[in-house]
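For the working numbering, add 421 to where a residue sits in the sequence shown, where the first one is 1.
Glycine residues also receive a C-beta, built at the ideal position from the N, C-alpha and C atoms.
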Amino acid sequence: METKLPFFILFSLSLILLLLFPFSYAQMPGFVSLDCGGSENFTDEIGLNWTPDDKLTYGEISNISVANETRKQYTTLRHFPADSRKYCYALDVVSRTRYLLRATFLYGNFDNNNVYPKFDISVGATHWSTIVISDSNTIEMIELIFLAASPTVSVCLSNATTGQPFISTLELRQFNGSVYYTEFEKQFYLSVSARINFGADSDAPIRYPDDPFDRIWESDSVKKANYLVDVAAGTQKISTNASIDVNKDEIPPVKVMQTAVVGTNGSLTYRLDLDGFPGFGWAVTYFAEIEDLAPDESRKFRLVLPGQPEVSKPIVNIEENARGKYSLYEPGFINLSLPFVLSFRFGKTSDSSRGPLLNAMEINKYLEKNDGSPDGDAISSVLSHYTSADWAQEGGDPCLPVPWSWVHCSSDPQPRIVSILLSSKNLTGNIPLDITKLTGLVELWLDGNMLTGPIPDFTGCMDLKIIHLESNQLTGALPTTLLNLPNLRELYVQNNMLSGTVPSDIRNKDLVLNYTGNINLHKAKKKSNTYVIIIGSVVGAAVLLLVTVISFLAIHKGKGKYDEKDHLDSHHSQSMISSKNDGPAEAAHCFSYSEIENSTNNFEKKIGSGGFGVVYYGKLDDGKEIAVKVLTSNSYQGKREFSNEVSLLSRIHHRNLVQLLGYCREEGNCMLIYEFMHNGTLKEHLYGPLTHGRSINWIKRLEVAEDAAKGIEYLHTGCVPAVIHRDLKSSNILLDRHMRAKVSDFGLSKLAVDGVSHVSSIVRGTVGYLDPEYYISQQLTDKSDVYSFGVILLELISGQEAISNDSFGANCRNIVQWAKLHIESGDIQGIIDPALRSNYDLQSMWKIAEKALMCVQPHGHMRPSISEVLKEIQDAISIERESGGNSDEFSRNSIHSSIHMGSMDLGIAENFVSIDESIAQPAPR
C-alpha cells in the first residue's frame, strides 16, 4: 500500500486539475496554452498542447506570416476595436496557488496599415503593462507571477493609443509548493524583468520540458541593445554534464545550472536594462560549483552594486553555502531597490584562488495590486441573472482600468459604480436586489425592458438622483421608501403595471415625476411649484419645447461674453486656431509704429538677428521689457509667415509657449512684439556664447526638456485642430529669468487637418532637425516635430550641435548618426557632454538616450508621441531627484541679467512645478 498510495493521490489530483482547466491536456496539469485566433487543438514541437480561444465571442481573427517564424501559434492572432471598451479573457485557476502568466504579441502587420499598435494589458483591476510594438516581425512577451485569490483571473486589453489591441498567445503555468513565495504576495504581483541563463551554449532559450514549469530562461548570448554589455575581460563560459541538485526554493532547471560564466581575471561585470524599473524588486542569483577545485583552491567572491554598500558585504562560497559540489545555492533579496539600468559586479576576495562564477539570475519587479471596485461582488451577482447576454460578457473589474460600456464609475482609487445604463437590453425577471447594494449609485437606467415584480427598496443608495424604470412590466405600489432618497430629482415609472396611490410626500418633493400609463395607479394633482408632474405626452412635449426655447435664448444672450472669456483665458482653447484671412487676428494687440519707436528708443539696442530680420530690446510705458522682431523680408512668404505667427500666437496660450504681446504693421514694416526673455536660447547655453566655461547641469537640462515638451504637447493635443510647429530646434527654445523654457518661432507652423493623418506641405525646417520622412514624402505629421525634439534631446545629452563637420568623426556629419552608433553599442559615455563632469545618474541618462533614439526613428509610426516622451523625461527627473540631483544651483548662480539676446519672455507663472515624481514602490516590510 505504501507504494500505491502516492500514485493514487497524484492520479486523483491530475483528474481534479483537468476538470479545473478545460483548456489543458493531461501531459501538464495546471497548464493553459491559448492559441489566440486559432481554430484547432495541436501539440507543438516541444510537447505543449495548444487550444484555440474560440470560446471568446468578440474580436476578430487574422492570419499572419512572418519570415523565419514557423510555430503554428504565431500564424494567427485575435484583435479588437480601438474603442473605449476592454476585452477580457477569463482563465480558471486554483485559489491560493501561484502561477506564471505569459502573454505574447506578434504584430505581423495584420491590419495592412503598418501602424504599430500601442495599448494596455491588465490583470483584473491592475494595470500590468503597456504594450508598445516597434517591429512587426518581433515577438513581444510579458510575464507575471501571482498568487490566485479567486477561482478565475481576468486578462484584459484596452486603451489603444495607436492601432488596435491584439494578442497572439496567452499562457498559464501552475507552480507547486513555495516556489516564488514572498511575504508581500497578497499585495503585489511579480512582474518578470529578467531571467538569464549564463554560460548558455547557444542563443536558444531553455524552457519546457527542461523546465517543468515552462519558464523561459534567456541565453546570455542574445545580442540586443544594452543587454548584458560591459562584460569584464577574462569572462569565460564553462559547462558540465553532471547532474545538479536543484531541489531548493525556486527549482531552476538542471540544464540551466549545468552552464556558467567564470571571471578568470577575478571579476564578472555586466550591465542590463530592467523593464519596468526603477522600483523595488525581487532578485535571486543561482550558483552551483561545476568546476573541480583542488583541495588547496577556493572560490570566494562578493556581489557589488553601485550605491548599495550593504548589499555588497556578504561573501559567497558556493561549495560551502550549497553544502556540496554540484548543488544549488540561491542567495537573493526579496525587497531590493533597483535602477532602470543595472550595473553589477562579482569580484573575488583577496583570499580566493578562483574568480567568481554565475549560473543564472532572475529579477522581478513588485507590481502593486489594485483590488478594484468594492462593487465588484454586487455587480457580478447582477450579471449572474444574464449570463448569455452580450453586454454581460465584458469581464474583468467593472471600473478598472476602464469601466464596462454600460456603467460609469467614480474617479476614486477604489472606484464606485455611479451609473448603470441598461436601457432596452431585454432584461427579464425582477429588478436584481444586488443593485440596491451599490452604495455610490447616482443614476439607474433600466427603462425599455421586460422587468416584472415590485420596485425594490433603494434606501441603501442614498446618492441616487435619477431613476428610469419606465416601459417595463413592474407591479405593486410606488414604494414610500423612495422618500428616503434625499437627492432624488428624476423618477420615471410610466407605462408599467403599478397600482395604488402616488404617496403625497413624493408629489411634494422637488422632483420630476412621470407615472402615466399605469392604469391602476391613482393620479395626483399638482400641489406646489417645487415639482413637475408630467401627465401626458402632449403636455410633456410642450414643457420640453418651452424649456428648450428658454435655454436657447439664455445661451445666446450670454454667448458673446462667454466666448470672449473662453477665447482669452482658456488654458486649453478648443476654438478654431486658424485665421481665414490674410491679416492678423483681431485678438492680438496692434501697436502703432510710434509706440514701438519710443519703447525701443528709436531701435537703439540690437539684441539678435536671423533670417527673419533683427530683434531689438525695448521697454513699454508700464515698465514691461519687450523684444521686437522686425521682419526684413517684404516677400509674400515673409508676410505669410508674419500673419501665420500672429494668427497662431494670438489664439494659443500656454506657460511653455512664447507669448505674443502684439504686432505692428505700419510704415511698410512688419513687427512682432514679445515679452523679453532674459536667458537667451537653449542653444547658446549648450555650445554658444552663454556657456562662459560652464554649462547647465543635467537636471536643469531635463527640466528645460520637460518645459519644451509640455509646450509641444499642448500644440499637438490641446489645440483643435492640432498645431505642428515644423521648426523645432535648440535656438527656438527660449529661457526666462528663472531658466524656464518656452517654445518660440511659429512662422512655419501648420495646422493639422481633422481626420487626416498628414498634411501635404512644401518642406520647411532646419537642416539637422528636419524629419527625413517628411523631407522625402512632403507629408507632414506631428511625428515630424517628435523627430526634431529627439535631436534636441541628443543635444542636451552631448552638448554637440545637430550638424558638424568636425565633431562626429569622418563618417558622420549629424548628431543622429553619431549618437545612434554609440548608444546601440552600449557606449553612452562616448556621447555624454564632458561639461556634466559625471554629475548625473546613469539610469536617467540612459532613459533619455533611448527615448531620443525612438524619436529619431526613420518612420513616423515608429516614433512615440510627445506625451510619451514627456513622461520619460519626468521619470528621468524623478530618478535624478531621488539620487540627490539639484536644479536650483544654476538658477541662483548663473542668471544673465545683461541684455544680450533676441529672445522673448512669456511671463513667469507663479508656483510652476509640474513634475510627476511618483514611482510605485512597495513599502519596506
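{"Check": "Exposure label - Gly1176; buried when at least 16 CB within 10 Å", "Outcome": "Confidence in Gly1176 is poor, its pLDDT being 43 and thus under 50, which makes the residue's placement unreliable; the coordinate value appears in the next sentence. So Gly1176 ends up on the exposed side."}
{"Check": "Rounded separation between Val933 and Asp504 - CA only", "Outcome": "34 Å"}
{"Check": "Under 9 Å between C-beta atoms of Ser1304 and Ala1223", "Outcome": "no"}
{"Check": "Burial state of Thr603, where buried means 16 or more other Cβ atoms lie within 10 Å", "Outcome": "buried"}
{"Check": "C-beta neighbour in chain C for Leu1103, strict 9 Å", "Outcome": "You won't find chain C in this structure, because it holds only one protein chain."}
{"Check": "Beta-carbon gap between Leu565 and Phe540 smaller than 9 Å", "Outcome": "no"}
{"Check": "The segment 912-926 contacting the segment 888-903, beta-carbon criterion three pairs below 8 Å", "Outcome": "yes"}
{"Check": "Assigned exposure category for Thr573 - 16 Cβ within 10 Å defines buried", "Outcome": "exposed"}
{"Check": "Alpha-carbon to alpha-carbon, Asn530 and Leu498", "Outcome": "11 Å"}
{"Check": "Three-way DSSP call (helix, strand, coil) for Phe596 in this model", "Outcome": "coil"}
{"Check": "Span separating the alpha-carbon of Lys1027 from that of Lys1045", "Outcome": "17 Å"}
{"Check": "Beta-carbon spacing of Asn780, Phe619 below 9 Å", "Outcome": "yes"}
{"Check": "Continuous beta strand (DSSP E) assignments of at least 3 residues falling wholly in the segment 593-664", "Outcome": "609-618, 648-650 and 656-660"}
{"Check": "Cβ-based burial, Leu854 [other Cβ within 10 Å; buried from 16]", "Outcome": "exposed"}
{"Check": "Every unbroken beta strand (DSSP E) inside the segment 743-784 [3 residues or more]", "Outcome": "753-759 and 762-769"}
{"Check": "Ser1265, DSSP secondary structure in three states", "Outcome": "helix"}
{"Check": "For Leu1052, the first and last residue of its enclosing alpha helix (DSSP H)", "Outcome": "It is not in any alpha helix (DSSP H) - Leu1052 instead sits in the beta strand (DSSP E) that spans Glu1046 to Leu1052."}
{"Check": "Range of the contiguous alpha helix (DSSP H) that encloses Ala1126", "Outcome": "Trp1119 to Glu1134"}
{"Check": "C-beta contact flag for Leu522 and Leu591 at 9 Å", "Outcome": "yes"}
{"Check": "Simplified DSSP assignment, three categories, for His1106", "Outcome": "helix"}
{"Check": "Counted within 10 angstroms of its Cβ, other Cβ atoms place Asn1260 as buried (16 or more) or exposed", "Outcome": "exposed"}
{"Check": "Ser773 classed as buried or exposed, judged by whether at least 16 other C-beta atoms fall within 10 angstroms", "Outcome": "buried"}
{"Check": "Ile1249 versus Asp556 - alpha carbon distance", "Outcome": "23 Å"}
{"Check": "Run of the alpha helix (DSSP H) containing Tyr1196, from where it starts to where it stops", "Outcome": "Pro1193 to Ser1198"}
{"Check": "Residue range of the unbroken beta strand (DSSP E) whose run includes Ser543", "Outcome": "Lys539 to Val544"}
{"Check": "Start and end residues, alpha helix (DSSP H) containing Glu911", "Outcome": "Note, Glu911: premise wrong, no alpha helix (DSSP H); beta strand (DSSP E) at Glu911 to Tyr913."}
{"Check": "Alpha carbon of Ile1265 to alpha carbon of Glu561, nearest angstrom", "Outcome": "Residue identity check: residue 1265 is Ser in the sequence provided, not Ile. So the two alpha carbons sit approximately 24 Å from each other."}
{"Check": "Pair within 9 Å by beta-carbon distance, Val677 and Asp632", "Outcome": "yes"}
{"Check": "Cβ pair Leu821, Ser801 closer than 9 Å", "Outcome": "no"}
{"Check": "Integer-rounded CB distance, given that Ile887 should sit under 8 Å from Val803", "Outcome": "At roughly 18 Å, the Cβ-Cβ gap does not stay under 8 Å, so Val803 and Ile887 are not in contact."}
{"Check": "Alpha carbon of Pro502 to alpha carbon of Gly816, nearest angstrom", "Outcome": "16 Å"}
{"Check": "Proximity winner among Cys509, Tyr520 and Ser516, relative to Ile542 (alpha-carbon distances)", "Outcome": "Cys509"}
{"Check": "Secondary structure of Asp465, DSSP reduced to three states", "Outcome": "coil"}
{"Check": "Limits of the beta strand (DSSP E) - the one that Gln894 falls within", "Outcome": "Gln894 to Gly897"}
{"Check": "Thr478 classed as buried or exposed, judged by whether at least 16 other C-beta atoms fall within 10 angstroms", "Outcome": "exposed"}
{"Check": "Cβ contact check for the segment 1141-1148 and the segment 1089-1104: 3 or more pairs under 8 Å", "Outcome": "no"}
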